[in-house]
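Asks: Handing you a structure now.
Numbering (my numbering), first residue to last: 471 to 561.
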């Protein structure tokens, strides 16, 4: 039974390692929208129709900022670092 617990802990550690890497990679790629979307949703819900329209326009603008982020050298450097640390390029 102890061996089963050790194997379970080892498998759980490997799964946790890759899940953390996947979450960090997701946040690295989409951090602009992750940070701004809750604010825009709150503005849209609390400010009526005009606030909702402004929120949609601002969200579309941050979407374009996020798309621009994907072509920056800092993005590529961070993505490469995450790939090396979490062994994503081995797949």
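By construction, the Cβ of each residue, glycine as well, lies at the ideal position given by its N, Cα and C atoms.
Looking at residue 491 and residue 546, is the spacing between their C-beta atoms short of 8 Å?
Replies: 8 Å or more divides the Cβ of residue 546 from the Cβ of residue 491.
Asks: With distances taken Cα to Cα, identify the nearest neighbour of residue 539 among 474, 499, 486.
Replies: 499
Asks: Per DSSP, what kind of secondary structure is residue 536 in: helix, strand or coil?
Replies: helix
Asks: In whole angstroms, what separates the C-alpha of residue 489 from that of residue 501?
Replies: Distance between the alpha carbons of residue 489 and residue 501: 17 Å.
Asks: Measure from the C-beta of residue 492 to each C-beta in chain B and report whether the shortest distance is under 8 Å.
Replies: Judged by its chain identifiers, the structure shown contains no chain B, having just a single protein chain.
Asks: Would the C-beta of residue 553 count as close to the ligand ADP, meaning under 7 Å from any of its heavy atoms?
Replies: Because no ligand of any kind appears in the structure shown, any question about the ligand ADP cannot be addressed here.
Asks: Hey, residue 552 and residue 495 are a contact pair by Cβ (cut 8 Å); roughly how many whole angstroms apart?
Replies: 5 Å
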